[in-house]
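Shown next, in structure tokens, is the structure this report addresses.
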Amino acid sequence: MTVMTAAAIEDFLDEVFPQRTGTIEGVGAMRATMSLAIEDEHLRPGDSVSGPTLMGLADVCLYVAILAQVGPEPMAVTSDLHCRFLRRPRGDRDVIANARILKLGRRLAVGEVQLFSAGDEEPVALVTATYVLPDRD
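Positions in the sequence shown are counted from 1; adding 1029 to them yields my numbering.
Have a look at this one:
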């Protein structure tokens, strides 16, 4: 069960994190999906989406999944992020991120994010990350 809708999370992020990357497509129990329309600023030579773009989208997508579970919490912060680049992300397609929380504890949230070039079935990257959560009463 979620405590925030996608629209409520968008409103919250507009206030506290307006420079974020991507658009929330949906949230669910321990999950979130986001998309990013690729522009020239996201590309590296060779018409591939850059690694920092993929990692940034993954980081925000996992944050969105966490917010959906714990509510509006600006102090949830990334403490660890590991990215495995699996194949070339196409520069002519949007990127889709699917986050899944693996563990939501009192102080830590651990999750993974699969990233895809829109229309492809195989992921272009796999990100695992840990967030530190502030004390919750």
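Beta carbons: idealized from backbone N, C-alpha and C, even for Gly.
These numbers come from a predicted model, not from an experiment.
- A check of alpha carbon separations from G1075 across A1128, G1120, E1151 identifies G1120 as the nearest.
- Assignment of Q1048 by DSSP, reduced to helix, strand and coil, places it in the coil class.
- Distance from the CA of S1108 to the CA of R1060, rounded to the nearest whole angstrom, comes to 19 Å.
- In the DSSP assignment, G1140 falls within the unbroken beta strand (DSSP E) covering 1137-1146.
- A residue is called buried once 16 or more other Cβ atoms fall within 10 Å of its Cβ, and F1046, having fewer, is exposed.
- Counting only the Cα atoms, L1091 lies some 5 Å from A1128.
- Closest option to G1100, judged by alpha-carbon separation, among F1041, V1161, Y1160: F1041.
- In terms of Cβ geometry, G1051 and T1031 do not form a close pair [threshold 8 Å].
- Counting only residues of its own chain and dropping the five nearest sequence neighbours on each side, E1150 has no CB closer than 6 Å to any other CB.
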